[in-house]
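Note that the sequence shown covers residues -19 to -1, 1 to 298 in mature numbering (1 follows the signal peptide of the UniProt record, and there is no 0).
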Amino acid sequence: MNLKNLAAAALFAAGSALASLGVPHAAFAETTKLKVGYLPVGVYSYFWRAQDAGYFADENLEVELVPMAGGGQIIPALQSGALQFGISDALGVLNARKGGLPVTYVSFNFSQSSDNPVHAVLTTNPDIKSPKDLEGKAVATNLSYNTDWTMMREWLRKNDVDIDKVTFREIPFPDMLPALRNDTVAAVGAVEPFVTFGKEQGANVLGHYFTDVKSPVVLSGIVAMLPYVEENPDIVKGFVKAVNRAIEDFKADPAVARETIGAHTKIPATAIEAMNLGDWETEVPPSEMQFWVDAAEKEGILNETDDLNSLVWSPKE
């Protein structure tokens, strides 16, 4: 027996001995390195929690979190293999599928409701007292043809606004409040913590453009390329298990989420305490994607789509 075989036999024997003492063989499993694209904001703070609490390590995963601009940057990186997982909103997945990219959710997990909204329409113009006053003016969302843009348009329609009389502009979330102060736009579709910052600075809330349209509404989560998922089901299961443990921590005690956000951002403690967090879920049925399919078809973004079950991956037992 050569040295390599002797080493393998010794490792197996050691593993068997420790297993008899209650130490699982998983402790000897090779560590898998993963790169995950995300936005470094509170919505995706479950990644930080899974790192800090050792949940990724428990699944023999070494996860590098890569800050990125959004799904438009993340999905191409998944396609190239530069990332294994990333975040995306629902329209990002549908747009990618329309473009022939086999993207699927492995965890469709973030939602908000009327009693815990994280998006709001803000204005600092005292003459704008209702959505109807936005006709003839400019409104900002962070991107076009995404969930924010789609919901803003539907929110305006629900408030009897002629959207053909509204100019839509793309402004990143961190630049929205300065754009209001400079009168670049009349209103913005902001997300926490910028909603809280805006209110602290005197901005008025005209409405909550997600939850005024649908409550609750699931809007984003973790995606991967379907071929990668099918080739690496155990890795995907372990990764999702670690994230789900973090989500369960947040659900059991929202203070854990606030502490995690505070540890990884420069958001002032007073704002972290005041801001809405939204809701995280571990088991969202694929049927929740139907709302976004219908919304995309209404906007002319989508003509047809794949089966809903293919948009949200479910592990086979």
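Think of the CB as a built atom: it goes at the ideal place given N, C-alpha and C, for glycine as much as any other residue.
| Asked | Found |
| --- | --- |
| My output table needs one value for Ala205: the three-state DSSP class, helix, strand or coil. | strand |
| Taking one C-beta from the stretch 47 to 64 and one from the stretch 170 to 190 each time, how about it: are there three or more such pairs within less than 8 Å? | no |
| Leaving aside the five residues before and after Met25 along the sequence, list all residues of the same chain whose C-beta is less than 7 Å from its C-beta, in chain order. | It is worth fixing the name first, because residue 25 is Tyr in this sequence and not Met. Closer than 7 Å at Cβ, skipping near neighbours: Tyr19 and Ile68. |
| Is DSSP giving Phe191 helix, strand or coil here? | coil |
| If you draw a straight line from the C-alpha of Thr122 to the C-alpha of Glu11, how long is it? | 44 Å |
| Looking at the structure shown, is Pro48 part of a helix, part of a strand, or coil, going by DSSP? | strand |
| So, for Glu269: in the same chain, excluding its five sequence neighbours on each side, which residues have a beta-carbon less than 6 Å away from its beta-carbon? | Val199 |
| Kindly indicate which three-state DSSP category Gly179 falls into: helix, strand or coil? | helix |
| Counting only the same chain and skipping the five closest in sequence on each side, list residues whose C-beta sits under 7 Å from that of Val172. | Val99, His100 and Phe154 |
| How long is the line joining the alpha carbons of Thr128 and Val74, rounded to whole angstroms? | 11 Å |
| Could you give the distance in angstroms between the alpha-carbon of Ala223 and the alpha-carbon of Thr105? | 42 Å |
| Based on the DSSP secondary-structure assignment, which residues constitute the bridge partners of Thr128? | DSSP output for Thr128 lists no bridge partner at all. |
| Do three or more CB pairs link the stretch 225 to 238 to the stretch 31 to 39 at distances below 8 Å? | yes |
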